[in-house]
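Inspection log for the structure reproduced underneath, given as structure tokens.
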Ligand SMILES: Nc1ncnc2c1ncn2[C@@H]1O[C@H](COP(=O)(O)OP(=O)(O)OP(=O)(O)O)[C@@H](O)[C@H]1O
Ligand SMILES: [Mg+2]
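Protein chains in written order, with this note's numbering: chain A, 292 to 514; chain B, 1419 to 1637; chain C, 19 to 262.
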């Protein structure tokens, strides 16, 4: 068997791929920003927040971590409209990513908060800061620093997981690949190329997150 | 138009969930076996083997599982085989699972104190004996909780096989939705079934982890 | 012929030469204490003798056989020379008895029954016959170290290397371990021990080696080394030790 790889379609279709790449990057950036923010809120609630708020947060985290992202996405995009919530594909994709990353990063960040030495809280209190002020100014940054590698891995996982948003026709890299293969019948080539693109994207994202880590945490955290 | 009761929907989903379970088991066991073979190379003495496994892990952890499924599906097709979805699904999931398990297990082997290597060496044991009698028995204990934890990712990963046409729980969800026009109920139920499969695994992983930590503190 | 003959041994970690040409012969049945400041290379020397570190130059002969870096020669060497570590390094997943049995069974292929009998004898010898089924985390530090000694003895080595074997112990547990070592010495075991227990070194050892900056700086019987140090470095070192 001899199979000839045919990439002659690239000349015509590269704008489609570029558009998909931009969409995937946008989804990842917005998803990460809001997802981590939601994660911080969850982590705060579970370790320091008001007790009555904890059970709903636990339920949310457990539900998300124990169901597939694909189903979360379908539920949001196909299910929620029946409650009268209308969204574009892109909005639904972002929302699904935020909800998903929120739960995972919440657990990761909580571990960082719980590893904070007691002395840090006591020092905050002795300086007349409220619990929330201590959290905001004393605890949070070192906690994020402790778990930054784990959080970075999770963000990369969410970026790679975003490939399934093509299933609700959000026009990301995978959508581009599907589109191209339906037009050119060069399925293997188009998925091979986009897989390479994801690999590069994952490497770049990891580097970027390392850079962000160096920017956010120039000093060593208290152990 | 036919009407579906809640029970009709649930029954159809549960029937399809069997295939989710089967595929999860196959992937986890197959991935575990392949992972062990890779682990052997990864912690072995041959440099080439170590580099190969590192590259393997980088590749499978650095690309979307969905792409791996597509490539398995269309890649096997290049060999002129008419590829059934279950074959591509099983193959991709096994390869993917192995990439994660080998990294988890490597961490466990490396967590065994280096004094254990030295003590067993000073007693005259060779590399294989050290592994077999001293290092692995300790690494296995540490490895159980994260391995059980990862099985949750495998179950969830099987959902993607619906996209290449394997009929399991997620695919059934789509089919039933198209018949009933009740996406909210159907996908809600699908989520609950996944939750029922995954949550016990997550929970046991946590409990095992806590037990292990307590045992460690006793030292 | 000496049991252990160390000739012009050099060892380097990266750019740092840690052993700069060590010469030392240990006779059969001799007890040698190695003292010296932290970082002077004492542990490195013992680890070289046990083949845990590879030497860069010189030679080490044990019972007439050259130390060569391959699996077969290393195994032969380690059957002749046992080692006891500062951190005990018992296998945590095995009971005390199993710790002592394991290497006999897998290295020497001793049948389980004989290995067990040997394990019981050796544990008895270090005063822990009743702890056969206890796991390491159920034993005190002193007991763990005695199990480690029994484990090394069960391989019937010609010599034992001890690297600060009481340094990780609470003060009240030091003596139970030293008592065991003293008995071994009395029974004629060849011992090379790095120690900070100067009183013990003085009482039990035949010779004392003072290492300084990767060299054997002074060597002699304990009365001489402790009573009449010749070099200022040794005088300063002994001056800094409280119990002499
Ligand atoms: N594996 C290694 N890699 C690099 N340097 C090492 C290594 N092992 C030891 N060294 C260095 O070699 C020197 C001698 O170390 P060694 O452990 O032999 O000293 P020591 O006399 O036993 O000291 P101590 O009394 O503190 O145990 C030290 O400077 C140490 O930092
Ligand atoms: Mg030392």
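Where is the CB? At the ideal position from N, CA and C, for every residue including glycine.
Between the options, which has its C-alpha nearest residue i's C-alpha?
i, options, result
"residue 1426 of chain B", "B:1612, B:1632, B:1600", "B:1600"
"residue 103 of chain C", "B:1501, B:1505, B:1540", "B:1540"
"residue 266 of chain C", "B:1509, B:1522, B:1519, B:1538", "Coverage of chain C is limited to positions 19 through 262, which leaves residue 266 of chain C absent and any answer about it impossible."
"residue 350 of chain A", "A:437, A:397, A:328, A:325", "A:397"
"residue 400 of chain A", "A:485, A:434, A:323", "A:434"
"residue 184 of chain C", "C:175, C:195, C:176", "C:195"
"residue 483 of chain A", "A:494, A:467, A:498", "A:467"
"residue 1516 of chain B", "B:1454, B:1631, B:1528, B:1438", "B:1454"
"residue 490 of chain A", "B:1588, B:1480, B:1439, B:1470", "B:1480"
"residue 1619 of chain B", "A:341, A:353, A:336", "A:353"
"residue 89 of chain C", "B:1575, B:1433, B:1543, B:1424", "B:1543"
"residue 200 of chain C", "C:182, C:49, C:86", "C:49"
"residue 1474 of chain B", "B:1500, B:1546, B:1521", "B:1521"
"residue 169 of chain C", "C:118, C:249, C:210, C:46", "C:118"
"residue 357 of chain A", "B:1536, B:1592, B:1571", "B:1571"
"residue 172 of chain C", "C:164, C:189, C:136", "C:136"
"residue 1486 of chain B", "A:501, A:455, A:510", "A:455"
"residue 60 of chain C", "C:31, C:97, C:252, C:231", "C:231"
"residue 301 of chain A", "A:496, A:497, A:459, A:476", "A:476"
"residue 439 of chain A", "A:382, A:453, A:508, A:306", "A:508"
Within the 8 Å Cβ cut-off, does residue i reach chain A?
i, result
"residue 1423 of chain B", "no"
"residue 1625 of chain B", "no"
"residue 1428 of chain B", "no"
"residue 1503 of chain B", "no"
"residue 1570 of chain B", "yes"
By Cβ distance, which residues of its chain are closer than 8 Å to residue i, with the 5 residues on each side in sequence left out?
i, result
"residue 1429 of chain B", "none"
"residue 355 of chain A", "363, 390, 391, 393, 394, 395"
"residue 1508 of chain B", "1441, 1444, 1445, 1448"
"residue 94 of chain C", "83"
"residue 256 of chain C", "216, 244, 247, 262"
"residue 1636 of chain B", "Caution applies to residue 1636 of chain B, whose pLDDT of 46 falls short of 50 and renders its modelled position unreliable; the value that the coordinates give is listed next. Result list for residue 1636 of chain B: empty, nothing under 8 Å."
"residue 138 of chain C", "115, 147, 150"
"residue 1628 of chain B", "none"
"residue 445 of chain A", "392, 395, 396, 399"
For a cutoff of 8 Å on Cβ pairs, would you count residue i as touching chain C?
i, result
"residue 1549 of chain B", "no"
"residue 1541 of chain B", "yes"
"residue 1462 of chain B", "no"
"residue 1640 of chain B", "Only positions 1419 to 1637 of chain B appear in this structure, which leaves residue 1640 of chain B out of reach."
"residue 1552 of chain B", "yes"
"residue 1556 of chain B", "yes"
"residue 1637 of chain B", "For residue 1637 of chain B, the pLDDT reaches just 42, beneath the cut-off of 50, and the residue's location in the model is therefore unreliable, although a value from the coordinates is still provided. With 8 Å as the cut-off, residue 1637 of chain B counts as an interface residue toward chain C."
Flag residue i as yes if its beta-carbon sits less than 8 Å from any beta-carbon of chain B, otherwise no.
i, result
"residue 105 of chain C", "yes"
"residue 44 of chain C", "no"
"residue 70 of chain C", "yes"
"residue 493 of chain A", "yes"
"residue 148 of chain C", "no"
"residue 451 of chain A", "yes"
"residue 490 of chain A", "yes"
"residue 298 of chain A", "no"
"residue 109 of chain C", "yes"
"residue 173 of chain C", "yes"
"residue 294 of chain A", "yes"
Spatial neighbours of residue i within its chain, please: C-beta separation below 7 Å, excluding the five flanking residues on both sides.
i, result
"residue 62 of chain C", "29, 36, 37, 71"
"residue 1470 of chain B", "1459"
Which same chain residues end up closer than 6 Å to residue i when comparing Cβ atoms and leaving out the 5 residues on each side of it in sequence?
i, result
"residue 319 of chain A", "450"
"residue 1534 of chain B", "1552"
"residue 1523 of chain B", "1457, 1561"
"residue 113 of chain C", "151, 153"
"residue 275 of chain C", "Given that chain C is displayed from residue 19 to residue 262, the structure contains no residue 275 of chain C and the question cannot be resolved."
Under 7 Å: does the beta carbon of residue i sit that close to some heavy atom of ligand 4?
i, result
"residue 1488 of chain B", "As far as ligands go, the structure on display features ligand 1 and ligand 2 and does not contain ligand 4."
Closer than 7 Å between beta carbons: that is the criterion. Which residues of the segment 75–102 of chain C meet it against chain B?
Result list: 89, 93, 96, 97, 100, 101.
Beta carbons nearer than 7 Å to chain B: which residues of the segment 223–252 of chain C have them?
none
When a residue counts only if its C-beta is closer than 7 Å to some heavy atom of ligand 2, which residues count, in chain order?
C:60, C:61, C:181, C:182, C:212
Of the residues that make up the segment 344–373 of chain A, which ones have a beta carbon closer than 7 Å to any beta carbon in chain B?
353, 354, 356, 357, 358, 359, 361, 362, 365, 366, 369, 370, 373
Which residues of the segment 454–485 of chain A have a Cβ closer than 7 Å to any Cβ of chain B? Give them in chain order.
454, 455, 458, 465, 478, 479, 482, 483, 485
Mind listing which residues of the segment 113–132 of chain C have their C-beta closer than 7 Å to chain B's C-betas, in chain order?
120, 121, 124, 125
Quick one, which residues of the segment 1517–1547 of chain B are near chain C if we go by CB-CB under 7 Å, in chain order?
1533, 1534, 1536, 1537, 1539, 1540, 1541, 1542, 1543, 1544, 1547
Residues of the segment 29–42 of chain C with a CB closer than 9 Å to any CB of chain B: list them in chain order, please.
none
Below 7 Å between beta carbons is the criterion; list the residues of the segment 1596–1629 of chain B that meet it against any residue of chain A, in chain order.
For the segment 1596–1629 of chain B, the set of residues with a beta-carbon nearer than 7 Å to any beta-carbon of chain A comprises 1601, 1602, 1605, 1606, 1608, 1609, 1612, 1613, 1616, 1617, 1620, in chain order.
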